[in-house]
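In case it helps, the working numbering puts the sequence shown at residues 5 to 561. Glycine included, each C-beta is placed from N, C-alpha and C at the ideal position. Note that the coordinates shown come from a computational prediction; the quantities given were computed from them, not determined experimentally. Okay, so here's the structure we're looking at.
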Amino acid sequence: MAVLLRPEMVRRYRDMAVLLVKYGRSDLLRSTGIDSKLAGPPLDGAEEGHSRDADRLAADLERMGPAFVKLGQLMSTRSDMFPPEVLESLSRLQDELEPMPFDVVERILNEELPVRLSKAFESFEPDPVAAASLGQVHRARLRDGRLVAVKIQREGIREVVRRDLEALDRIATFLEEHTRPGEQYRLKEMFVRFRDALLGELDYRTEATNMRIIAGNLTDLDGIVVPLPVDDYTTERVLTMDYVRGRKVTALSPLARMEMDGSELADQLMEAYLKQVLIDGFFHADPHPGNVFLTDDRRIALIDLGMVERVTPRLRDSLLRLLLAASEGKGEDAADQALRMARLEQHANRDLFRTRVADIIARQQYASLEHMQVGAILLELYGIAADCGVRLPAELSVLGKTLLNLDLISTTLDPSFDPNASIRRHAGEVMRQHMMSSLTPGALFSNMLEVLELVQRLPSRVNRALEGLERGELRLRLHAIDEPRLMNTLRSLANRITLGLLVAALIIGAALMARVETSGQILGYPAIAFVLFMAGAIAAIALGIQIVWFDRDESHE
């Protein structure tokens, strides 16, 4: 404890402990005994006791600094840990502070850029157009006349963030090692993802790379705009990029909505994110309304690309099936897909998980809303998984939050827009592009090497199996509730496959013999071909009758 509560960090530890006790996660502290040791003046507003006021939580996080604002944004994706009212409040968390004085901005620019401010820009507006906790944005014009936005990182913010991350690291490690909820939610793993994302946002060169990648991936969508960086004037602490002329989607007037094709824009926005997630595996993970603009030429612009998420090819397949199942209201299929991508704890309850997932999808499907929200379903699914001992990939929670924000933006653009219909409408094209993206030379060569390895090892493996069979040492180990019935089913399956192969051989043989001229004919066809075809047809009919009869008997048992 002496190491944990060192003097220079004690205030941060106490502030975080107060947040846990005040807003509903006091069980993380009661089992450790440290709640009684964290005495001292509380946060502003904590004098009201263990209030569960979600708006106060957001306000407290804003007061604690940028790392905690970003932490609140991460918490807004964890429906398994926090109630809906807290998630809603955190999703509206504002990241706005007083701007830096212009003399500080000018000094930082002169330190970071290869030339002085007066040489780099034809004009530079001293008043920022936006000021957040990590940095602020100014409008400027390059010497070639190009209008740009210049984002400057706040002075000293790196040291503040690193200090807060150190405190959060120690708290997360301690809670995971000493509390049941901390272990259940894997707080250390969650913190590592948060830390990496936040440190990435502190390097504006990373955001510039994200811009180029996403802009390149979305070039085929005319209705989507991603500003590009100016490489010569972009450093670790300064990001210069195209200036987007437009307004936030949420700031549109009723007249502006009437003048645009909101349904088409919403549909293209949904298509853009389906492509990012399911084809590219690299998507903008923070499309809240403040980061989505409607440009003057009636297009959608995505800005502030510091927060991104990557999706592995295997996970993309599962996500595509899960999204389709959820959008079509198929609860059991959605649960099965979720289980395929999950890691199961020892106490995992699959049946309960399936039942609860089917229930939430059914409730959403028949709700009074005009359409069910797939994003909300994914977030609720994540919470159900934690209760049932099912550990889902963290990317699923981020995707749920992303889709929830898209629902809000799409509804703002067109109140009658149905995101689920859009998902189904674009599913075919997404699947086609997904298949084409997998048919790369590298993937084909990899598959060929696996086939070659199988061919090389197959003779020795077959030889060992035959030797074991000859010596009577070949055994098939099965663990099933009803092993005799399982063996009968396998035997029946093998018989069906064998008969099916014979039928195919007879039909193929008949087709080949039909091209051979013979003296004997039946109904104008070569006799041998006709006999082979009839034998194949009779065998196929017999196989079909046997399958139908057997399956009917099985269903009545």
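In the structure shown, the three-state DSSP call for G69 is coil. Per DSSP, reduced to three states, the secondary structure at R241 is coil, with no helix or strand assignment.
The closest CA to that of R500, considering only P463, I545, M538, is found on I545. For D246, DSSP records a beta bridge to V152. In this model, D391 and A144 are separated by some 51 Å (Cα to Cα). For L282, the closest of D321, G250, Y208 by C-alpha to C-alpha distance is D321.
Under the three-state reduction of DSSP, L203 is assigned to helix. Rounded to the nearest angstrom, the Cβ distance from S414 to L273 is 7 Å, consistent with a contact under 8 Å. In this structure the stretch 232–250 does not touch the stretch 263–279; the number of beta carbon pairs closer than 8 Å is below three.
With distances taken between CA atoms, M79 lies nearest to A62 out of R67, G69, A62, M68. Take V520, set aside five residues on each side of it, and the residues of its chain with a beta-carbon closer than 7 Å to its own are P530, in chain order. Cβ-Cβ distances below 6 Å link K155 to G139, V141, L243 in the same chain, with the five nearest sequence neighbours on each side left out; the list follows chain order.
Rounded to whole angstroms, the gap between the alpha carbons of E205 and R162 is 11 Å. When only Cα atoms are considered, L403 and I365 end up about 17 Å apart.
For the pair L503 and L547, the CB atoms are nearer than the 8 Å cut-off. Closest option to S426, judged by alpha-carbon separation, among E457, A270, D290, L324: A270. Exposed is the label assigned to G220, since fewer than 16 other Cβ atoms lie within 10 Å of its Cβ. Apart from the 5 residues on each side of it in sequence, K74 sits with its Cβ closer than 6 Å to the Cβ of L202 in its chain, given in chain order.
The stretch 344–353 makes no contact with the stretch 290–302: fewer than 3 CB pairs, one atom from each, lie closer than 8 Å. Look at K334 here: in three-state DSSP terms it is coil, with no helix or strand label. Note on E457: under 16 other CB atoms within 10 angstroms of its CB, so exposed under the neighbour-count rule.
In terms of Cβ geometry, T239 and R209 form a close pair [threshold 8 Å]. Taking the CA atoms as reference points, I112 sits about 46 Å from A346.
Annotation note: the stretch 347–417 contains the following uninterrupted alpha helix (DSSP H) runs of length 4 or greater, listed N- to C-terminal: 354–369, 378–391, 398–417. In this structure E116 touches R241 by the C-beta definition: roughly 5 Å separates them, less than 8 Å. A check of alpha carbon separations from A153 across A543, S496, A330, D308 identifies D308 as the nearest.
Excluding residues up to 5 positions away in sequence, A338, Q341, A342 lie with their Cβ nearer than 7 Å to the Cβ of L326 in the same chain. Restricting attention to Q280, D131, K123, the CA atom closest to the CA of D224 is found in Q280. Between L497 and L536, the C-beta spacing is not below 8 Å. Residue environment: I228 is assigned as buried (16 or more neighbouring CB atoms within 10 Å of its CB, all protein chains considered). Secondary structure in the stretch 267–333: the alpha helix (DSSP H) runs of 4 residues or longer, each lying completely within the stretch, are 317–331 in chain order.
In the structure shown, A518 falls within a coil segment according to DSSP collapsed to helix, strand and coil. Contact between V394 and F357 is confirmed by a C-beta separation of about 5 Å, below the 8 Å threshold. For V164 against P70, the beta-carbon gap comes to about 7 Å, under 8 Å, which counts as contact.
DSSP places S122 in the helix class (H, G or I) of the three-state scheme.
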